[in-house]
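As structure tokens, the structure follows; a few thoughts come after it.
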Amino acid sequence: TREHDGLGPVTTIGPSARLSRTPPEPGKPAPRPGSDAKLVLASIGRDGDLERLVDSGVVVTEGVVAG
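Position one of the sequence shown corresponds to residue 2 (our numbering), numbered consecutively onward.
Dropping the structure here:
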């Protein structure tokens, strides 16, 4: 079980392989849909376009229901 921002505890599966020299690091639940839009746009040099893209409905940053 891992803690998810906004969702609380989320049950996940653990790694199956147990390696002594390279132990697995636990993963984390996926981010809420749209919550990483700013980071994604910044990674391609378009973070300055976020407000315009949200206003035009191209990008959604909140209120998206997962599933």
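We put the beta carbon where it would ideally sit given N, CA and C, even for glycine.
(message) Quick check: the stretch 27-37 against the stretch 2-16, are at least 3 beta-carbon pairs closer than 8 angstroms?
(response) yes
(message) Residues in the same chain with beta-carbon distance under 7 angstroms from Pro-16, minus the five sequence neighbours each way, listed in chain order, please.
(response) Pro-25
(request) Verify whether the separation of the beta carbon atoms of Thr-78 and Thr-13 is less than 9 angstroms. (result) Nothing about residue 78 can be reported from this structure: the residues present for the chain run from 2 to 68 only.
(message) Let's test the definition: count the other Cβ atoms within 10 Å of the Cβ of Ala-43 and tell me whether it reaches 16, buried, or not, exposed.
(response) Counting of Cβ neighbours within 10 angstroms places Ala-43 among the exposed residues, the total staying below 16.
(request) Kindly list the residues whose CB is nearer than 6 angstroms to the CB of Val-1, restricted to its own chain and excluding five residues on each side of it in sequence; keep chain order. (result) No information on residue 1 is available, as it lies outside the stretch 2 to 68 that the chain covers here.
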